[in-house]
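The numbering used here applies: residue 26 is where the sequence shown begins, and numbers increase by one.
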Amino acid sequence: MTDLPGILKKVNNLEPIPTVIHKVLALAGDPDASLRDLMTVVERDPAITANLLKTVNSAHMGLPVKVDSVHQAVSMLGQQKVVEMVLSQNLSTNLNHSQEGYGLAKGDLWRQSLAVAMVARTLAKQRDLMSLPAIYTAALLKDIGKVILHEYVADQLETIQQMVSDRGMSFVEAENEVLGMDHAALGGIIAKQWQFSPHMIYMIENHHLANVASRNDPATAAIYLADMVAMMVDTGLGVDRLAYHVYQDVFNDFFADKTAVREMMLSYKTFQREVNEFMDSV
C-alpha cells in the first residue's frame, strides 16, 4: 500500500482555486441572484475580465463587433456561455500538465476534461437538471486526483492493469486495491479542501458510479456518461481507457437507443474541435 499521508500532503502543492470562481458558481446557481451581481463579480477581477474579453474577441468566436465589457459579452453570448468561459479559463492550471502515469501528455487531460464538461452540460440540459454550472465544473475537475496520483500509478501500473485484466476490476477499483487510494476519492478530498459544495464533492468522488447510490443521482450519472462517451471516442488516450464498468441501466435511462449514443459521440467530436479552437485562443 502506498504512503497515504504522502499522497494527501501533495494536495497542498496544487494551485488553489481563485476566490472569484466560488462567487461565480454561487451566483450562477442562485435563482434570486441578478445578472448584474454576476457581472460585477467578474468585472472586479481585472485578470479574469481581460482573459474573458481576449477570448470573446478572438477569431474563434467570430463575433461581428469588438466586445469591450463583460456586460456586452453576456448580451451577445448569454450568461451560461460567459460563465463557462470564465470557469474554463481559470480551472486549467492544475490539469494542463502531463500525467505520465496515466499516459497523458501535456494538455491531454485538460482538453478531454473540457470536452467531457460540454457533453455533461448537454446531457444535463436534456434532462432539465438544475445547477448546470456546478455540473460543468465537476466534470472539468472530475480527474483532478490524477494530477497527484499519476506518479504512484506509474510505479504500480503493471499490477493495476493485471488486476483489471485478470479479475475484471475497473481501473479505479484496482487503484484503490493497490494504492489504498483512487483518483476519484482523491478528487473528492481535493474538492473538499477547495471548499466546493457537498454535491460537487459528491459528483467528483463518484463520477465512476462505484457507489451504487450515486447511479440514482442524475447529475453524477450525467458526468459518468459524458466520461464514458469520451473514452469510447478517445480510445487511444490514457492507460485507463475503457477500463471501467458499463452500467447499462444508466445508459438506458439517458439514451433511448444506440443511435442516441452515437449522436452524443459525434457531439463529443464537435466539442473536441471547439476545445482545440478555444485553447488556441487563450
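Note that the Cβ used here is the ideal one computed from N, Cα and C, for glycine as well.
Leu77 sits in a helix when the DSSP states are folded into three classes. Distance from the Cα of Asn119 is smallest, within the candidate group Glu109, Asp133, Val107, for Asp133. Of all C-beta pairs linking the stretch 257-272 to the stretch 290-299, three or more are shorter than 8 Å, placing the two stretches in contact. The C-alpha of His122 is placed about 32 Å away from the C-alpha of Arg192.
Taking one beta carbon from each stretch, the stretch 171-191 and the stretch 224-232 have fewer than 3 pairs nearer than 8 Å; the two do not touch. With a cut-off of 8 Å on Cβ pairs, the stretch 43-63 is not in contact with the stretch 79-91, counting fewer than three such pairs. Around the Cβ of Glu109, a 10 Å sphere holds 16 or more other Cβ atoms; the residue is buried. Collapsing the DSSP output to three states places Gln218 in a helix.
Excluding sequence positions up to five before and after Pro43, its CB lies within less than 7 Å of the CB of Asn115, all in the same chain and listed in chain order. For the alpha helix (DSSP H) assignment, the uninterrupted runs of no fewer than 4 residues enclosed by the stretch 140-188 are, from N- to C-terminal side, 157-166. Counting only runs that start and end inside the stretch 209-287, the alpha helix (DSSP H) elements of at least 4 residues fall at 223-230, 243-258, 273-279. DSSP, reduced to helix, strand and coil, places Leu129 within a strand of the structure shown. For Gln124, the beta-bridge partners assigned by DSSP are Leu129. In the DSSP annotation of this structure, the continuous segment of the alpha helix (DSSP H) that includes Ser100 starts and ends at 95-102. Using a Cβ-Cβ distance cut-off of 8 Å, the stretch 138-147 and the stretch 85-94 are not in contact, since fewer than three pairs of beta carbons, one from each stretch, lie closer than that value.
In this structure Gln124 is buried. Its beta-carbon is surrounded by 16 or more other beta-carbon atoms within 10 angstroms. Using a Cβ-Cβ distance cut-off of 8 Å, the stretch 150-161 and the stretch 200-213 are not in contact, since fewer than three pairs of beta carbons, one from each stretch, lie closer than that value.
A check of alpha carbon separations from Tyr127 across Val264, Val275, Glu202, Asp274 identifies Val264 as the nearest. With a beta-carbon spacing of about 19 Å, Ala251 and Val172 fall beyond the 8 Å limit used to define contacts. The alpha-carbon of Lys35 is positioned some 31 Å away from that of Arg69. Under a 10 Å Cβ-count criterion, Gly87 is classified as exposed, with fewer than 16 other Cβ atoms of the shown protein chains found around its own Cβ. Counting along the chain, no alpha helix (DSSP H) covers Pro43, and no H or E run does either.
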